[in-house]
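The structure appears right after this line, and notes come after that.
2 protein chains.
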Amino acid sequence: MHLRFVEIFCDVAQRRSFSKGAQAQQVSQSSASQAVGMLEKRLGTRLIDRSKRPLELTPAGQVYFEGCRELLERFRTVEDQVQAIADRVAGPVRVAAIYSVGLMQMERSVQRFEELYPDAKLRLEYLHPDRVYQQVLEDDADLGLVSYPRHGGDIESIDWQEQPMVLVVPPAHPFADRRSIALADLNGEDFIGFTQELTIRREIDRHLKRARVAVHVVHEFDNIETIKRAIEIGSGVALLPRSTVWQEISNGTLAAVDVSDAEIVRPVGIVHKRNKQLTTAVQKFIEILLSGSTAQPPFTAPEPRAARSPNGHQAGENKAHQKTNGHSARPPATTGVDVARKPKKSKRA
Amino acid sequence: MHLRFVEIFCDVAQRRSFSKGAQAQQVSQSSASQAVGMLEKRLGTRLIDRSKRPLELTPAGQVYFEGCRELLERFRTVEDQVQAIADRVAGPVRVAAIYSVGLMQMERSVQRFEELYPDAKLRLEYLHPDRVYQQVLEDDADLGLVSYPRHGGDIESIDWQEQPMVLVVPPAHPFADRRSIALADLNGEDFIGFTQELTIRREIDRHLKRARVAVHVVHEFDNIETIKRAIEIGSGVALLPRSTVWQEISNGTLAAVDVSDAEIVRPVGIVHKRNKQLTTAVQKFIEILLSGSTAQPPFTAPEPRAARSPNGHQAGENKAHQKTNGHSARPPATTGVDVARKPKKSKRA
DNA sequence: CTCTCATTATCATTTCTTCTAATACTACTC
DNA sequence: GAGTAGTATTAGAAGAAATGATAATGAGAG
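In order, the protein sequences belong to chains W and V.
So that you can map any letter, position 310 of the first sequence is 310 in the numbering used here, and since no number is skipped, the others follow by simple counting.
Convert by adding 349 to the 1-based position in the second sequence; the result is the number in the numbering used here.
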């Protein structure tokens, strides 16, 4: 029997839907239906009760599902072991990332990975943060790239970057040509903020409060892209990770200014499901991500209009390693420090 | 990837031969070659070193083989569990039996099994005793039916029958019409014996010696069929399990006479590989075998020429159950007793 | 070293399976 | 009870796997 059918069944069972399962396996709904039908015929038993609408597993289906899940997992492990012997890194690597990881940097990591391990099949998807966690938890993705990574429950996180944040302003803004600003300069400015429930918003508020600065929040958005668009049309200014405005700075639609008197950073981490053996290929991709910031700068380093240190947007992004068991303290405002972080119930931006 | 390919690879690996493995999987040698080739292509690694003859597994192949063996085993277990939930007994049951188990009786068990469990697929092969053990040990058979079952090492045995032995003579022999004979009557008779290395020979010798009887051994054979043929042509008489001469008695080519003063029995047992989870279907077949002697007599009970108890050849064959840990004592000369037996290094006939 | 035998690889062909698209069916929802 | 979303069921197309025949290869004998 095709192992494929078993995979399809598992996906169908997990999603409680033939169509969803089929989609996950990149086959037609018809195929999924037939595949499960085959298994049922072979076993002489119904695995799925279709008379309920979201479908339900029969007791037999439940047992089969759990058994097969484990088997598939083991099978992948065996295949991975075999390939490890031959120094071959292969197999799928499924990564789900938030939109704002910094496309440029990801691009380099992806290229490097595909160069080093041509037999591996990397799939990189950009999703809403909640979907990232969902995919990781439901085994739809091997890794998730998120900001303010959760750590706990079924999620395990690895520190990856401390993205330094800068003040982003329209090119015509008075600050645009300054080398740097102090937080105090923001007093009374029109400000585009993140929505309240996001950790990044609370972090920014904390810094502003400590500097006794009151900004005028004119808009709140839950994602960086929209904030950038708002800045472009002159609604105000915002504090954003520098790596997320790289593109706009290089084509002149936005400008970024360092904040001199505070090191505001957005931690970005790699999350994966706990208790799940990572394949060699996945491990290699993590390695590349972690070493990414030490790599040579991109082919044609774009120079933002404001003068800045030559290593550009990479400043402050540094290697990190597997977290032993994080503590929720915020890292001191210095770069190059590996600190565990475990924010409870934090939303991320 | 077809799980089939993995099975083929495992069979090839185990037998260290493509052709043998192909045969075991009932496919052409060409297919086996291609199947393994597919796996190798998928893994990007050679699994088998074909530059040696007999072929050798590469280190990767070794790992893959062992991993897959376990996986296949587990997969079968899962399938079995699922079917158990639906009260379905299915899957293959591969039985290897010695020629002389008694075809008539096997026939009934087989029919009963196929009637009760139509979804199971029973394959019954008759082989030389050594091959029976070999097949069981190499996982080519789930069960072996042998006389004087070994117990120990990788073999585990279940007592099954105590086949009563009778004196078999040509129809024209003076004993042929007697109700019974005493061992003493055999003094000086021309005797067809088993070869020396067989346990059954030693057992017979023991009985004869105790009765202080000296027979004239004119031939020695290592299998019952040949002995019967020798008796038919008048070379002598022999002590054989009654159930193995059923056919010849009913068509008049041989005659059987009870031995009144000794209960000579040949124990027949069911052997299987230790540490191997038996599928439900296999277990059910064992149950049927064990209960076989209590079943109603065959459709048209053939009556041997000599008058005898109405339940015919079944006398003395009785239920037995799983051996706890046998002791090598011979059972007392009564019927209906379950006794464990563990002859060391015994050959079987 | 060469020949032979046994085994395995390769190829072209046939057979079988599995996929998809379109459509019919079914269970929930309002 | 009609609408909607999901699932089953077809037939035909695309694809995979099995086969038989034949070429290539390794082991062992002379």
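Just so it is clear, CB atoms sit at the ideal spot from N, CA and C, and this is done for glycine as well.
- Query: Out of curiosity, what's the CA-to-CA distance linking residue 277 of chain W and residue 161 of chain W?
  - Reply: In the first sequence, the residue the question calls residue 277 of chain W occupies position 277. In the first sequence, the residue the question calls residue 161 of chain W occupies position 161. C-alpha separation (whole angstroms): 23 Å.
- Query: Taking Cβ-Cβ distances shorter than 7 Å, what residues in chain W pair up with residue 466 of chain V?
  - Reply: Translated into positions along the second sequence, residue 466 of chain V becomes position 117. By Cβ distance, chain W contributes nothing, its closest Cβ being about 11 Å from residue 466 of chain V, past 7 Å.
- Within 7 Å of chain V by C-beta, residues of the region 78 to 90 of chain W in sequence order: 78, 79, 81, 82, 83, 85, 86, 88 and 90
- Should residue 429 of chain W and residue 187 of chain W be called a contact, given that it needs their Cβ atoms to be closer than 9 Å? The question about residue 429 of chain W has no answer, for chain W in this structure spans 1 to 349.
- Task: Report yes or no: is there a C-beta of chain V within less than 9 Å of the C-beta of residue 68 of chain W?
- Result: In the first sequence, counting from the first residue as 1, residue 68 of chain W sits at position 68. Taking Cβ atoms only, chain V reaches closer than 9 Å to residue 68 of chain W, which makes this a yes.
- Sub-9 Å separation of residue 100 of chain W and residue 225 of chain W beta-carbons: Stepping through the first sequence from its first residue, residue 100 of chain W is reached at position 100. Stepping through the first sequence from its first residue, residue 225 of chain W is reached at position 225. Contact flag set, yes.
- Query: Out of curiosity, what's the CA-to-CA distance linking residue 473 of chain V and residue 443 of chain V?
  - Reply: On the second sequence, residue 473 of chain V is found 124 positions in, with the first residue counted as 1. On the second sequence, residue 443 of chain V is found 94 positions in, with the first residue counted as 1. Our two residues, residue 473 of chain V and residue 443 of chain V, have alpha carbons roughly 6 Å apart in a direct line.
- Query: residue 3 of chain W versus chain V: which residues are under 9 Å apart at the beta carbon?
  - Reply: For this step, residue 3 of chain W is matched to residue 3 along the first sequence. Going along chain V in sequence order, the residues near residue 3 of chain W (Cβ under 9 Å) are 350, 351, 352 and 355.
- Message: Between the alpha carbons of residue 51 of chain W and residue 31 of chain W, how many angstroms are there, rounded?
- Response: On the first sequence, position 51 is the one that residue 51 of chain W refers to. On the first sequence, position 31 is the one that residue 31 of chain W refers to. About 19 Å.
- Bridge partners - residue 355 of chain W, DSSP secondary structure assignment: Outside the modelled stretch of chain W, which goes from 1 to 349, sits residue 355 of chain W, for which no answer is possible.
- Task: Please state whether DSSP places residue 148 of chain W in a helix, a strand or coil.
- Result: The sequence position of residue 148 of chain W within the first sequence is 148, counting from 1. If DSSP states are grouped into helix, strand and coil, residue 148 of chain W belongs with coil.
- Are residue 231 of chain W and residue 208 of chain W close, meaning C-beta to C-beta below 9 Å? Start at 1 with the first residue of the first sequence, and residue 231 of chain W comes out as number 231. Start at 1 with the first residue of the first sequence, and residue 208 of chain W comes out as number 208. No, they are not a contact pair.
- Check residue 153 of chain W in the structure and name its three-state DSSP category. One-based indexing of the first sequence puts residue 153 of chain W at position 153. Note: residue 153 of chain W maps to coil in three-state DSSP.
- Item | Local conformation of residue 263 of chain W per DSSP, three classes | In the first sequence, counting from the first residue as 1, residue 263 of chain W sits at position 263. The answer is coil: DSSP assigns residue 263 of chain W none of H, G, I, E or B.
- Query: For residue 556 of chain V, which of helix, strand or coil comes out of DSSP?
  - Reply: On the second sequence, position 207 is the one that residue 556 of chain V refers to. The answer is helix: DSSP assigns residue 556 of chain V an H, G or I state.
- Query: Comparing alpha-carbon positions, which option in V:435, V:364, V:371 and V:390 lies nearest residue 58 of chain W?
  - Reply: For the purposes of this step, residue 58 of chain W is taken as residue 58 along the first sequence, with counting starting at 1. Of all alpha-carbon atoms in V:435, V:364, V:371 and V:390, the one lying nearest the alpha-carbon of residue 58 of chain W is that of V:435.
- Query: Do three or more CB pairs link the region 240 to 248 of chain W to the region 124 to 144 of chain W at distances below 8 Å?
  - Reply: Verdict: no, contact absent.
- Could you tell me whether any Cβ in chain W is nearer than 9 Å to the Cβ of residue 681 of chain V? Numbered from its first residue, the second sequence carries residue 681 of chain V at position 332. Caution applies to residue 681 of chain V, whose pLDDT of 36 falls short of 50 and renders its modelled position unreliable; the model cannot decide the point.
- Message: According to DSSP, residue 419 of chain V sits in a beta bridge with which residue or residues?
- Response: Position 70 of the second sequence, counted from the first residue, corresponds to residue 419 of chain V. Beta-bridge pairing links residue 419 of chain V to no other residue.
- Message: Looking at chain V, is there any beta carbon in it that lies within less than 9 Å of the beta carbon of residue 37 of chain W?
- Response: Numbered from its first residue, the first sequence carries residue 37 of chain W at position 37. Put simply, the CB of residue 37 of chain W is far from chain V, with every gap to its CB atoms at 9 Å or more.
- Would you mind telling me which residues of chain V sit closer than 9 Å to residue 92 of chain W, beta carbon to beta carbon, in chain order? Looking up residue 92 of chain W in the first sequence gives position 92. Residue 92 of chain W does not reach chain V, its nearest Cβ partner there being about 13 Å away, counting only Cβ pairs nearer than 9 Å.
- Message: Does residue 590 of chain V pass the burial test, meaning 16 or more other C-beta atoms within 10 Å, or should it be called exposed?
- Response: For this step, residue 590 of chain V is matched to residue 241 along the second sequence. Residue 590 of chain V is buried by the Cβ-count criterion.
- Straight-line CA distance for residue 356 of chain V to residue 624 of chain V? The sequence position of residue 356 of chain V within the second sequence is 7, counting from 1. The sequence position of residue 624 of chain V within the second sequence is 275, counting from 1. Approximately 20 Å, taken between the alpha carbons.
- Message: residue 431 of chain V and residue 466 of chain V - do their beta-carbons sit closer together than 9 Å?
- Response: What you label residue 466 of chain V is simply residue 117 of the second sequence in a count that begins at 1. What you label residue 431 of chain V is simply residue 82 of the second sequence in a count that begins at 1. No, they are not a contact pair.
- Out of curiosity, what's the CA-to-CA distance linking residue 182 of chain W and residue 265 of chain W? Sequence index remark: in the first sequence, residue 182 of chain W carries index 182 (1-based). Sequence index remark: in the first sequence, residue 265 of chain W carries index 265 (1-based). The straight-line gap from Cα to Cα measures roughly 16 Å.
- Using a Cβ-Cβ distance under 9 Å, would residue 238 of chain W count as near chain V? Position 238 of the first sequence holds residue 238 of chain W. Taking Cβ atoms only, chain V never reaches closer than 9 Å to residue 238 of chain W, which makes this a no.
- Sequence ranges, beta strand (DSSP E) only - wholly within the region 435 to 483 of chain V, length at least 3: 440 to 447 and 469 to 476
- Query: Taking the Cβ atom as the reference point for each residue, do residue 178 of chain W and residue 257 of chain W lie within a distance shorter than 9 Å?
  - Reply: Reading the first sequence from its first residue, position 178 is the one you call residue 178 of chain W. Reading the first sequence from its first residue, position 257 is the one you call residue 257 of chain W. Yes, the pair counts as a contact, with Cβ atoms nearer than the cut-off.
- Task: Whole angstroms is fine: what's the gap from residue 291 of chain W's alpha carbon to residue 267 of chain W's?
- Result: Here residue 291 of chain W is taken as the residue at index 291 of the first sequence, counted from 1. Here residue 267 of chain W is taken as the residue at index 267 of the first sequence, counted from 1. Approximately 16 Å, taken between the alpha carbons.
- Item | Spatially closest choice to residue 389 of chain V from V:541, V:542, V:504 and V:409, by CA coordinates | Within the second sequence, residue 389 of chain V is the residue found at index 40, counting from 1. Nearest option by C-alpha distance: V:409.
- Message: Any beta carbon from chain W within less than 9 Å of residue 555 of chain V's own beta carbon?
- Response: On the second sequence, position 206 is the one that residue 555 of chain V refers to. Not closer than 9 Å to any Cβ of chain W, the Cβ of residue 555 of chain V fails to qualify, so no.
- So which of W:108, W:103 and W:171 has the shortest CA-CA distance to residue 234 of chain W? One-based indexing of the first sequence puts residue 234 of chain W at position 234. The residue with the shortest Cα to Cα distance from residue 234 of chain W is W:171.
- Whose Cβ in chain W lies nearer than 8 Å to the Cβ of residue 408 of chain V? Mapped onto the second sequence, residue 408 of chain V falls at position 59. Within chain W, the residues near residue 408 of chain V are 85.
- Item | Contained beta strand (DSSP E) runs [length at least 3] in the region 577 to 606 of chain V, N- to C-terminal order | 587 to 590
- Query: What span of residues does the alpha helix (DSSP H) with residue 28 of chain W cover, start to end?
  - Reply: Reading the first sequence from its first residue, position 28 is the one you call residue 28 of chain W. It is not in any alpha helix (DSSP H) - residue 28 of chain W carries neither H nor E in the DSSP assignment.
- Item | Within 9 Å, strictly: CB atoms of residue 103 of chain W and residue 270 of chain W | By one-based count along the first sequence, residue 103 of chain W stands at place 103. By one-based count along the first sequence, residue 270 of chain W stands at place 270. Their beta carbons are not under 9 Å apart, which means residue 103 of chain W does not touch residue 270 of chain W by this criterion.
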